[in-house]
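So the sequence shown is numbered by this note's numbering: it starts at 27 and just counts up by one.
Note that beta-carbon positions come from the ideal geometry of N, C-alpha and C, so glycine has one too.
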Amino acid sequence: MPYSRIKTLIRDPYAIYARHVLRLRPLDPLRPEADPRLRGVVLHEIMEGFVRDRAATRDDLLRIADQVLADRVAWPLARAIWRSRIEKAADAFLAFSVGTGGDPALLEKKGAARLDGLEFTLTGKPDRIDRLTDGRLLVIDYKTGDPPSKAEQEHFDKQLLLAAAMAERGAFPGLDPGEVARVAYVGVKADFKLVENALQAGEVDAVWDKFATLIARYLRATQGYTARRAMKTVKDPSDFDHLSRFGEWDMTAKAVPEVLE
């Protein structure tokens, strides 16, 4: 399972059951749209192209953005809006990119780590991992929206902390394992936002151990997958609200286990 899905496992377990056990997928829209998923794909292509050129400038960033937007985004209005956001964030992003205290060591490469004693493999493709001057690592993720707070990372948004655990375990080909000094969410939007989390000794191992406990629990036959267990807001939609018959029940209803035969 990709580590990007672990937040869903924590917040909306039933969605994981529907997708990974029942193997259901939401239908694609009848008309393609410039949706958040496409915006994320476009942003990651722009950032990867920029970071690969170590001597790239602000003009290079905008040139790469123009190329990717022209290739990927068929809607002129969306191209103009997304380009404007990148242009407004460009100076702050460049300052962050050259000021990490290291050099990019891994860009968009998939890795995998198996949980000892469990039939479970965690996968992930970090946006960027820098090797710092002291040999430690910095794990970076780009966001088109608001990055999660440190509290949200601790309880729900485990993606970068799990990526850090994988990096320390040598899960990414081409990247020698090393201690992760910090993780950083970079919000590349009009109001650039950076959320960095300096990791304490033993924190990454603790995250991995808690994750193993979580997965072991869901591998038990008696463990249910509760719908909308801990959504960020009660108005947040789930792809599988219809399947779970949400609306026939609400968040005040008590979850009742059912045996499936």
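- Counting only runs of 4 or more residues that sit fully inside the region 31-101, the alpha helix (DSSP H) segments are 32-37, 39-42, 62-78, 84-98, in chain order.
- C-alpha of ILE241 to C-alpha of ARG140: approximately 12 Å in a straight line.
- Between ALA96 and ARG105, the C-beta spacing is below 9 Å.
- Between MET192 and ALA138, the C-beta gap is smaller than 9 Å, which places the two residues in contact.
- With respect to the 9 Å criterion, PHE182 and LEU132 are not classified as neighbours on the basis of their beta carbons.
- Between the alpha carbons of THR252 and ASP172 lies a distance of about 27 Å.
- As summarised for the region 168-223, the continuous alpha helix (DSSP H) elements at least 4 residues long and confined to that stretch are 176-181, 185-194, given in chain order.
- Comparing C-alpha distances from LYS33 to each of GLN185, ASP235, GLY161 shows the shortest one belongs to GLN185.
- Selection GLY250, GLU205, ALA247, PRO174 evaluated against GLU229 yields GLU205 as nearest (Cα-Cα).
- In the DSSP assignment, ILE166 forms a beta bridge with ARG154, ALA210.
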